[in-house]
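>
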Amino acid sequence: MDRSLVVALVIGALQGIFEWLPISSEGNITIALSALGRPPETAVAFALFLHLGTALSATVYYREELRGLIALLPRWRPGRAFEGEQAVVTFLAIGTLVSGVVGIAAYATLEEVVPALTGGAVVVAIGVLLVLTGVFQRVSSRLDVDERSDPDAIDAVLVGIAQGLAILPGISRSGMTTGTLLLRGHDAPDSFRYSFVLSIPAAVGGGLLAYLDTGLGGVTPTAALVSLAAACVVGYATIDVLIRIVERVSFWAVCVGLGGLAMAGGLLVV
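Using the UniProt record's numbering, read the sequence shown as starting at 1 and increasing by one per residue.
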């Protein structure tokens with residue numbers, strides 16, 4: 001097999017695994033691509049593009065829940081937007097809108113900052129954001145807050161902001177969104193479920209935005225398809241077991257450790 005296709009297969013498989021772990025799949029894929037010689041701006045863009053594959057995995061995995069949410073739409077009423085089963089529909093709609101606005105602004109910042117940095121400086125920046133993400137996960141998992149059931153408008157806005165900022169490589173989308181929900185008093189299973197259902201439109205939007213803006217960054221269409229297919233298949237095969245692991249393992253330390261290694265490695269080549 002052609003070496004570029006092997007690399008594409010491995011990168012796609014890593015995306016399929018990293019997406020469900022609160023360690024910033026985009027940040028770690030960007031580091032891997034930078035180590036393989038990709039310019040920082042194309043590495044970031046391709047890492048975003050690969051989210052299209054895992055978005056399809058999440059759509060298939062959560063298909064029953066998505067079907068149920070769609071069935072609720074004809075019965076949705078503004079006066080009962082955050083009551084009972086309609087609360088989740090409203091939460092997802094507002095969260096998606098807010099994350100779209102924040103994400104576009106964050107992506108515009110990336111376009112300005114990343115091309116001006118060397119590969120080593122980008123890796124250091126990703127490492128710093130990974131450490132900050134780990135610290136946030138630690139704090140959100142340790143605080144004792146009153147338990148809540150249905151999400152409300154404040155939840156939707158805060159989670160939307162957290163998800164929008166996660167377009168920056170090094171900020172874990174799942175870590176930030178689930179951490180925010182935990183801080184708001186939601187239990188872990190609901191937090192993960194809301195987080196990954198909310199990720200689907202954001203991942204599709206981010207992937208398409210990166211593709212329309214920069215293309216495939218020198219990656220051949222065949223290699224890109226191989227990466228997407230690997231991300232989708234591996235993502236679907238691993239999502240259930242990895243979510244169960246995340247619910248039981250403290251990944252904040254992993255995030256901090258990876259961030260420290262990224263900063264040390266990036267400083268060596270700055």
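Idealized CB from N, CA, C, for every residue including glycine. Source: prediction; values computed, not measured.
According to the Cβ coordinates, are L50 and A231 closer than 7 Å?
Position 50 of the sequence shown, counted from the first residue, corresponds to residue 50. Position 231 of the sequence shown, counted from the first residue, corresponds to residue 231. Yes. Within cutoff.
> How many whole angstroms separate the CB atoms of V10 and Y236, which I take to be in contact at a CB cut-off of 8 Å?
Against the sequence shown, residue 10 aligns to sequence position 10. Against the sequence shown, residue 236 aligns to sequence position 236. Between Y236 and V10 the Cβ distance is about 18 Å, and since that is not below 8 Å, they are no contact.
> For D155, does the three-state DSSP call read helix, strand or coil?
Taking the first residue of the sequence shown as position 1, residue 155 is located at position 155. Correct three-state label for D155: helix.
> Starting from the N-terminal side, write out each stretch of the alpha helix (DSSP H) that is 4 residues or longer and does not extend beyond the segment 8-85.
As far as the segment 8-85 is concerned, its whole alpha helix (DSSP H) runs of at least 4 residues are 25-35, 40-49, 51-61 and 63-72.
> Apply the 10 Å Cβ neighbour rule to E112 and answer buried if 16 or more other Cβ atoms are within range, or exposed otherwise.
Taking the sequence shown and counting its residues from 1, the one referred to as residue 112 is at position 112. With fewer than 16 other Cβ atoms within 10 Å, it is exposed.
> If you draw a straight line from the C-alpha of G218 to the C-alpha of P169, how long is it?
As a working note, residue 218 is residue 218 in the sequence shown. As a working note, residue 169 is residue 169 in the sequence shown. C-alpha separation (whole angstroms): 20 Å.
> Please go through the same chain and pick out, in chain order, the residues whose beta-carbon is closer than 7 Å to the beta-carbon of E65, but skip the five residues on each side of it.
Here residue 65 refers to the residue found at position 65 of the sequence shown. V197, listed in sequence order.
> According to the Cβ coordinates, are L5 and A223 closer than 7 Å?
Within the sequence shown, residue 5 is the residue found at index 5, counting from 1. Within the sequence shown, residue 223 is the residue found at index 223, counting from 1. Yes, the Cβ-Cβ distance between L5 and A223 is below 7 Å.
> Under the three-state reduction of DSSP, which class applies to F251: helix, strand or coil?
Position 251 of the sequence shown, counting from 1, holds the residue named residue 251. In this structure, F251 counts as coil in the three-state DSSP scheme.
> Compare the beta carbon distance of A262 and G127 with 7 Å and say whether it is the shorter of the two.
Here residue 262 refers to the residue found at position 262 of the sequence shown. Here residue 127 refers to the residue found at position 127 of the sequence shown. Yes.
> Measure the CB-CB distance between S174 and L181 and report whether it falls below 7 Å.
Counting from one through the sequence shown, the residue named residue 174 turns up at place 174. Counting from one through the sequence shown, the residue named residue 181 turns up at place 181. No.
> How many angstroms separate the CA atom of P74 from the CA atom of G259?
Residue mapping note: residue 74 aligns to position 74 of the sequence shown, counting from 1. Residue mapping note: residue 259 aligns to position 259 of the sequence shown, counting from 1. Roughly 46 Å separates the two Cα atoms.
> Quick check on V139 - is its C-beta less than 7 Å from some C-beta in chain C?
Chain labels in this structure do not include chain C; a single protein chain is all it has.
> Expressed to the nearest angstrom, what Euclidean distance is found between the alpha-carbon atoms of L21 and V241?
Stepping through the sequence shown from its first residue, residue 21 is reached at position 21. Stepping through the sequence shown from its first residue, residue 241 is reached at position 241. The alpha-carbon atoms of L21 and V241 are separated by roughly 11 Å.
> What are the boundary residues of the alpha helix (DSSP H) that T177 is part of?
Reading the sequence shown from its first residue, position 177 is the one you call residue 177. Where T177 is concerned, the enclosing alpha helix (DSSP H) stretches over R173 to L183.
> Beta-carbon separation of W76 and V88 under 7 Å?
Locating residue 76 in the sequence shown gives position 76, counting from the first residue. Locating residue 88 in the sequence shown gives position 88, counting from the first residue. Taking 7 Å as the Cβ cut-off, W76 and V88 do not qualify as a contacting pair.
> CB S99 to CB G160, shorter than 7 Å?
Numbered from 1 along the sequence shown, position 99 holds the residue referred to as residue 99. Numbered from 1 along the sequence shown, position 160 holds the residue referred to as residue 160. Taking 7 Å as the Cβ cut-off, S99 and G160 qualify as a contacting pair.
> Roughly how many angstroms separate the alpha carbons of G130 and R148, rounded to a whole number?
The residue labelled residue 130 in the question sits at position 130 within the sequence shown. The residue labelled residue 148 in the question sits at position 148 within the sequence shown. Residue 130 is actually Leu in this sequence, not Gly. Spanning the two alpha carbons is a distance of roughly 29 Å.
> Would L143 be called buried (16 or more neighbouring beta carbons within 10 Å of its own) or exposed?
As a first step, residue 143 is located in the sequence shown; it is residue number 143 there, counting from the start. Exposed, because fewer than 16 other Cβ atoms sit within 10 Å of the Cβ of L143.
> Output the boundary residues of the alpha helix (DSSP H) element that contains G207.
In the sequence shown, the residue the question calls residue 207 occupies position 207. Start and end: A188 to T214.
> By Cβ distance, which residues of its chain are closer than 6 Å to S25, with the 5 residues on each side in sequence left out?
Numbered from 1 along the sequence shown, position 25 holds the residue referred to as residue 25. Cβ neighbours of S25 beyond the five flanking positions: Q15, F18 and E19.
> By the three-class DSSP mapping on this structure, what secondary structure does T220 have?
In the sequence shown, the residue the question calls residue 220 occupies position 220. Coil at T220, not helix or strand.
> P169 by DSSP, collapsed to three states: which one?
Here residue 169 is taken as the residue at index 169 of the sequence shown, counted from 1. Looking at P169 - three-state DSSP - the assignment turns out to be coil, as it is neither helix nor strand.
> Could you say which of V114, V7, A43 and I200 lies nearest to G95 if we only look at CA atoms?
The count along the sequence shown starts at 1 and reaches residue 95 at position 95. Of V114, V7, A43 and I200, the residue nearest in Cα terms is I200.
> In three-state DSSP terms, what is S99?
In the sequence shown, the residue the question calls residue 99 occupies position 99. If DSSP states are grouped into helix, strand and coil, S99 belongs with the helices.
> Tell me, to the nearest whole angstrom, how far the beta carbon of A55 is from that of V254; I am working on the premise that it is less than 8 Å.
Translated into positions along the sequence shown, residue 55 becomes position 55. Translated into positions along the sequence shown, residue 254 becomes position 254. In fact, because the Cβ distance is near 24 Å, the residues do not count as touching under 8 Å.
> Out of A58, Q86, S57 and F82, state which residue places its alpha-carbon closest to the alpha-carbon of I70.
Within the sequence shown, numbered from 1, the residue matching residue 70 stands at position 70. Checking every option, the nearest Cα to that of I70 belongs to Q86.
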